[in-house]
Amino acid sequence: MSSSKVLVLHGPNLNLLGTRQPEIYGHETLNDINNRLYEKAAMNGWDIRCQQSNHEGELIDAIHAARTDGTVLIVINPAAYSHTSVAILDALNAFDGKVVEVHLSNIHKREAFRHHSYVSLRADGIIAGLGSRGYLLALDALL
44 MSSSKVLVLH
54 GPNLNLLGTR
64 QPEIYGHETL
74 NDINNRLYEK
84 AAMNGWDIRC
94 QQSNHEGELI
104 DAIHAARTDG
114 TVLIVINPAA
124 YSHTSVAILD
134 ALNAFDGKVV
144 EVHLSNIHKR
154 EAFRHHSYVS
164 LRADGIIAGL
174 GSRGYLLALD
184 ALL
């Protein structure tokens, strides 16, 4: 799918990857993950944009922009907003392309409150527990 446009959204606290709870989230930084995503996108002729925010409204604004800018796939790790944000769910419900939800850890093996994700109600696919490889696998939704 040449020249497909992809938006990768990283939710709150993911800017701390590599230093925050590495026993759960690994030692890679967010830049490490994004650089691998940029490489895969370039090899496949995809236009990719990666954005991280600790602010729910910024993530929602990015989803709204994706509705009209030609984006065909949103890969989202909503992090803690998975479990709390009906607003992100509503924004994703207004997006016509594919949505793949990614979690570095297996949220179903963690605290009970993490077992439910509002975003999963909209996601075309969910990848959890495979670490940063989950992001790369999510891009395969374009293949």
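Sequential numbering from 44 applies to the sequence shown in my numbering. Ideal Cβ placement from N, Cα and C applies to all residues, glycine included.
**Request:** Report the residue from V145, E99 and A123 whose alpha carbon sits nearest the alpha carbon of D133.
**Result:** E99
**Prompt:** Does the distance from the C-beta atom of A123 to that of G69 stay below 9 Å?
**Reply:** no
**Prompt:** DSSP beta-bridge partners for K48?
**Reply:** D90 and T114
**Prompt:** If we ignore side chains and look at the alpha-carbon of each, how far apart do L52 and E66 end up?
**Reply:** 23 Å
**Prompt:** N149 by DSSP, collapsed to three states: which one?
**Reply:** coil
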